[in-house]
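Quick note: the sequence shown uses our numbering, first residue 166, plus one each step.
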Amino acid sequence: MKPTLLHARWLVAALGAISIAAAAAGDPTRARLQYLQHCAGCHLADGSGEPAKGIPSMRGPLGLFLTVPGGREFIVQVPGVMNSPLSDSDTANLMNWLLPAVTADTLPAGTAPYTTAEIARLRGTRPVNVMAVRAELMHRLQQSAAPVRR
Ligand code: HEC
166 MKPTLLHARW
176 LVAALGAISI
186 AAAAAGDPTR
196 ARLQYLQHCA
206 GCHLADGSGE
216 PAKGIPSMRG
226 PLGLFLTVPG
236 GREFIVQVPG
246 VMNSPLSDSD
256 TANLMNWLLP
266 AVTADTLPAG
276 TAPYTTAEIA
286 RLRGTRPVNV
296 MAVRAELMHR
306 LQQSAAPVRR
């Protein structure tokens with residue numbers, strides 16, 4: 166874990182993505198704690214995951230999902246987010262903190278923060294096959310101008 170790097174990235178993101186960073190200012194301490202409690206067991210404290218074990222790194226590529234249609238929905242419809250015991254409001258707060266923290270370099274500037282109502286709607290419509298949705302998004306990314314980095 167590299168807390169100073171993570172923090173520095175968050176600060177850089179705060180300059181580049183004002184909208185979501187402003188929302189992240191909501192309750193970043195709560196978001197970070199809940200990330201450590203509910204997500205870090207798989208994704209590790211810094212979001213780097215364990216790609217060799219099927220847990221993708223969120224450090225970098227995550228923001229690219231927000232550049233293609235369906236990506237914004239997908240990243241909160243993965244099982245780890247859908248099945249967490251967090252409330253919709255805590256989930257919105259967590260995602261709005263997480264994105265700038267781990268994807269400072271790819272998060273599109275001006276990305277709108279998630280709202281509680283949006284999370285509630287997305288959690289109510291589970292995709293049938295998460296990995297198929299992810300594969301389709303990766304395909305869209307490869308066809309778009311955005312470089313896909315892993
Ligand atoms: C039990 C392990 C586990 C937990 C806990 C978990 N995840 Fe995940 N997560 C995964 C796996 C595995 C994937 C890969 C896609 C899939 O199979 O669902 C994933 C994918 C993701 C993705 C999409 C990344 C990509 O590149 O496809 C996001 C975003 C994400 N998780 C966020 C979270 C958040 C936020 C939490 C906590 C609320 C969380 N996850 C909890 C295992 C977990």
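Just so you know, even glycine gets a beta-carbon here, dropped at the ideal spot from N, CA and C.
Alpha carbon of residue i to alpha carbon of residue j, nearest angstrom
i, j, result
"SER249", "ALA210", "17 Å"
"PRO193", "GLU283", "19 Å"
"LEU264", "VAL293", "24 Å"
"GLN199", "LEU287", "20 Å"
"ARG197", "CYS207", "15 Å"
"ALA205", "VAL243", "15 Å"
"ALA300", "THR271", "19 Å"
"LEU227", "ASP255", "20 Å"
"GLY219", "MET296", "11 Å"
Cβ-heavy atom distance, residue i to ligand 1, below 7 Å
i, result
"MET247", "no"
"PRO226", "yes"
"LEU251", "yes"
"VAL243", "yes"
"LEU263", "yes"
"PRO221", "yes"
Bridge partner(s) assigned by DSSP for residue i
i, result
"GLU215", "ILE220"
Residue i - DSSP class collapsed to helix/strand/coil
i, result
"VAL295", "helix"
"ASP255", "helix"
"LEU209", "coil"
"VAL246", "helix"
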